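Student: Structure below; questions to follow.
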Amino acid sequence: MTVRTRIAPSPTGFLHLGTARTALYSWAYARHHGGQFVLRIEDTDVARSTQDSVNQILKAMQWLGLGYDEGPIYQMERLARYRAVAEQLIASGHAYRCYCTPEELDAMREAQRARGEKTRYDGRWRPEPGKTLPTVPEGLPPVIRFKNPSDGDVSWNDLVKGPISISNTEIDDLIIVRPDGVPTYNFAVVVDDWDMKISHVFRGDEHINNTPWQINIFGALGAPLPRFGHHPIILGEDGLKLSKRRGAVSVTAYEEAGYLPEAMCNYLARLGWSHGDDELFTREQMVQWFDGSHLAKSPAQWDPAKLAWVNAHYLKLADDTRLAKLVQQQLATRGVVVMDLDHLARACALFKDRCNTTVELADWLQMYFAPVSPSAADIAAHVVEAAKPAIRALREQFTTLEWTKEAIAAAMKAALTAHGLKMPQLAPALRVLVCGRAQTPSIDAVLALFSRDRVLERLARV
Ligand code: GLU
0 MTVRTRIAPS PTGFLHLGTA RTALYSWAYA RHHGGQFVLR IEDTDVARST QDSVNQILKA
60 MQWLGLGYDE GPIYQMERLA RYRAVAEQLI ASGHAYRCYC TPEELDAMRE AQRARGEKTR
120 YDGRWRPEPG KTLPTVPEGL PPVIRFKNPS DGDVSWNDLV KGPISISNTE IDDLIIVRPD
180 GVPTYNFAVV VDDWDMKISH VFRGDEHINN TPWQINIFGA LGAPLPRFGH HPIILGEDGL
240 KLSKRRGAVS VTAYEEAGYL PEAMCNYLAR LGWSHGDDEL FTREQMVQWF DGSHLAKSPA
300 QWDPAKLAWV NAHYLKLADD TRLAKLVQQQ LATRGVVVMD LDHLARACAL FKDRCNTTVE
360 LADWLQMYFA PVSPSAADIA AHVVEAAKPA IRALREQFTT LEWTKEAIAA AMKAALTAHG
420 LKMPQLAPAL RVLVCGRAQT PSIDAVLALF SRDRVLERLA RV
């Protein structure tokens, strides 16, 4: 059997972190088995689907590096196929037209509630041997309902949750095609998973209740059943469902906040799956290890501190020119234009070890390209009177110095000796004046990355 997986987002918003994790698992599972990964856009909710969401989803998938072998396939381009399959189900006695009006359905539910019963479709248009159906009303477009088996159980061995069984008596006759001819999710998903020969369906566990319907529809079509794996939801830091109200839930927000895609993938992978005690691993390792085992049954909690730690790890490993481009973009959003990428790359190399994100890196490196404004408190604390003569002399020397880290270090050392000072009396003052803050990496290296003129200008304040 060829392993074929898919991710099937609805374009009604950005790519949610939960969907991104499912996409990652589906992708890794297909890659692990040398199979294929398909991207399908489930856009049958016409009122809520937007092209903008599609674009965002595609962009987020690309950013995460989740390349798909087929797609994007749009459900709205397959309407004729769903209608044909619905007709096939009617012809084989597995589906039927229902002419209930919304008012009738409301009344039905109302009466059931009044009797203390569970609300469900009562089967009034469901054909049965010997049953007389109501008269077809004129001019009312029908829905098509799936004729669900009325007894027996629907069971499957979930790849994540283990054996699950639901009685057919719990399930009513689902609408599979709406009056306007557009299929509902549970029907389109089956036709697609069948047509696209999907062997393994990974998705969020909010779909567990849909799975029995889908399994029954597969059965009615005589289609081979995929394996299902339902992942638990991701919880926010407060233990409640991760949601927009509780912080960023879109992949794009994390890109903008300065996270690297390899860090996101690593972090998302561990959020619901484990390989021994491994916390940091490459995509290649994940693909090698991801065989569908060790998937967590219970919800994982989103942990921003851990994500920051993972990101810091990948920042250290990242190529400096790549980081420079990312920092360039971050700075551009602040109106700071940087042309010299080589320079920026050298600065990234010096600062990346102390940053969790490229936003933090941009916070540091902005001083090279835009004015700094040291606080009055920092100036009072660090630019002390005793240091000022040394700073002035050093500035004088800087005007003609060969502009290298070594020469700057030697000039500073000479200034300390000449003025009888110690490094802690001079370096913080230089930092505050030139960088706008009292702590930086080694000051000679930091200064060497400034243009001489900028340093002279900032030291002239003394
Ligand atoms: N469009 C569905 C969703 O976004 C897909 C569910 C599935 O994978 O079957 O939740």
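Residue numbers (numbering that gives the first Met the number 0): 0 to 461.
Positions of the beta carbon are idealized from the N, C-alpha and C atoms, including for glycine.
Note that the coordinates shown come from a computational prediction; the quantities given were computed from them, not determined experimentally.
Tell me whether phenylalanine 201 sits in a helix, a strand or coil according to DSSP, three-state version.
Tutor: Reduced to three states, the DSSP call for phenylalanine 201 is strand.
Student: Can you check which of these residues, Val461, Leu415, Ile442 and Pro136, is closest to lysine 404 by C-alpha distance?
Tutor: Residue Ile442 is the option with its Cα nearest to lysine 404.
Student: With a CB to CB cut of under 8 Å and the five nearest residues on each side skipped, what residues in its chain are close to valine 336?
Tutor: So the qualifying residues of the chain are Leu330 and Phe368.
Student: Rounded to the nearest angstrom, what separates asparagine 388 and isoleucine 233 at their Cα positions?
Tutor: Reading off the sequence, residue 388 comes out as proline, not asparagine. Looking at the two C-alpha atoms, the distance is approximately 59 Å.
Student: What alpha helix (DSSP H) runs, 4 residues minimum, are completely inside the stretch 328–381?
Tutor: If we require 4 residues or more, the alpha helix (DSSP H) runs fully inside the stretch 328–381 come out as 340–350, 357–364 and 375–381.
Student: Bridge partners of alanine 94, per DSSP?
Tutor: Answer is Phe145.
Student: Assuming valine 37 is part of the beta strand (DSSP E), what are its boundary residues?
Tutor: It spans 35–40 - the beta strand (DSSP E) in which valine 37 sits, taken as one unbroken run.
Student: Would you list the residues sitting across from lysine 305 in a DSSP beta bridge?
Tutor: Beta-bridge pairing links lysine 305 to no other residue.
Student: Below 8 Å between beta carbons: does that hold for valine 433 and valine 454?
Tutor: Cβ distance < 8 Å, so valine 433 and valine 454 count as in contact.
Student: With distances taken from CA atoms, which of Thr251, Ile143, Ser166 and Ile170 is nearest phenylalanine 13?
Tutor: Here the closest residue by C-alpha is Thr251.
Student: Quick check: the Cα distance between alanine 392 and lysine 421, rounded to an integer number of angstroms?
Tutor: Cα to Cα, the separation comes out at about 15 Å.
Student: Just checking arginine 202 against the ligand GLU - is the residue's beta carbon closer than 7 Å to any of the ligand's heavy atoms?
Tutor: Result yes, Cβ under 7 Å from the ligand GLU.
Student: Would you kindly work out how many angstroms separate the C-alpha atoms of tryptophan 124 and alanine 113, rounded to a whole number?
Tutor: Computed Cα separation, rounded: 22 Å.
Student: Quick check: the Cα distance between arginine 20 and aspartate 276, rounded to an integer number of angstroms?
Tutor: Rounded to the nearest angstrom, the two C-alpha atoms are 19 Å apart.
Student: Using CA atoms only, rank isn't needed, just tell me which of Trp288, Glu255, Asp341 and Ser297 is closest to alanine 59.
Tutor: The shortest Cα separation from alanine 59 among Trp288, Glu255, Asp341 and Ser297 belongs to Glu255.
Student: For the alpha helix (DSSP H) containing aspartate 179, list its first residue and its last residue.
Tutor: Unbroken run through aspartate 179: none, as it is neither H nor E.
Student: Give me the Cα-Cα distance between histidine 93 and phenylalanine 145, rounded to the nearest whole angstrom.
Tutor: Using only the alpha carbons, I get a separation of about 6 Å.
Student: Assuming methionine 366 contacts glycine 435 under a Cβ cut-off of 8 Å, what Cβ separation, rounded to an integer in Å, is found between them?
Tutor: About 6 Å separates the two Cβ atoms, so the contact holds.
Student: According to the Cβ coordinates, are serine 198 and valine 37 closer than 8 Å?
Tutor: Cβ distance not < 8 Å, so serine 198 and valine 37 don't count as in contact.
Student: According to DSSP, is histidine 32 part of a helix, a strand, or is it coil?
Tutor: Note: histidine 32 maps to coil in three-state DSSP.
Student: If you reduce the DSSP assignment to three classes, tell me which class arginine 3 lands in.
Tutor: Strand.
Student: Can you give the Cα-Cα distance for histidine 342 and leucine 448, rounded to whole angstroms?
Tutor: Computed Cα separation, rounded: 7 Å.
Student: In three-state terms, what does DSSP make of glutamate 86?
Tutor: Glutamate 86: helix per DSSP, three-state reduction.
Student: Indicate the three-state DSSP secondary structure (helix, strand or coil) for phenylalanine 227 in the structure shown.
Tutor: Strand, per DSSP.
Student: Verify the contact flag: glutamate 41, CB atom, against every heavy atom of the ligand GLU, threshold strictly below 7 Å.
Tutor: Yes.
Student: Does at least one heavy atom of the ligand GLU sit under 7 Å from the Cβ of proline 8?
Tutor: Indeed, a heavy atom of the ligand GLU lies less than 7 Å from the Cβ.
Student: Over the uninterrupted beta strand (DSSP E) stretch that includes asparagine 156, give me the two end residues.
Tutor: Run containing asparagine 156: 152–157, per the beta strand (DSSP E) assignment.
Student: Comparing the CB of histidine 206 with every heavy atom of the ligand GLU, is any distance shorter than 7 Å?
Tutor: Histidine 206: yes, Cβ under 7 Å from the ligand GLU.
Student: When every heavy atom of the ligand GLU is checked, does at least one fall within less than 7 Å of the C-beta of threonine 4?
Tutor: Every heavy atom of the ligand GLU is 7 Å or more from the Cβ of threonine 4, so no.
Student: I want to check one thing, is the minimum distance from the CB of threonine 18 to the heavy atoms of the ligand GLU below 7 Å?
Tutor: Yes, the ligand GLU has a heavy atom inside 7 Å of this Cβ.
Student: Got a sec? Which residues, its chain only, sit under 6 Å from proline 440 by beta carbon, not counting five neighbours each side?
Tutor: So the list reads Leu349, once near-sequence residues are dropped.
Student: Take the Cβ of leucine 364 as the centre, count every other Cβ of all protein chains shown within 10 Å, and call the residue buried at 16 or more, exposed below.
Tutor: Its Cβ being crowded by 16 or more others within 10 Å, leucine 364 is buried.
Student: Cβ of tyrosine 28 versus every heavy atom of the ligand GLU: is any distance shorter than 7 Å?
Tutor: Tyrosine 28 Cβ: outside cutoff for every heavy atom of the ligand GLU.
Student: Using the C-alpha atoms, what's the distance from arginine 5 back to leucine 158?
Tutor: Rounded to the nearest angstrom, the two C-alpha atoms are 15 Å apart.
Student: Have a look at phenylalanine 227 and aspartate 171 and give me their C-alpha separation to the nearest angstrom.
Tutor: Cα-Cα distance, rounded: 21 Å.
Student: From the DSSP output, which residues share a beta bridge with isoleucine 72?
Tutor: Paired residues: Arg39.
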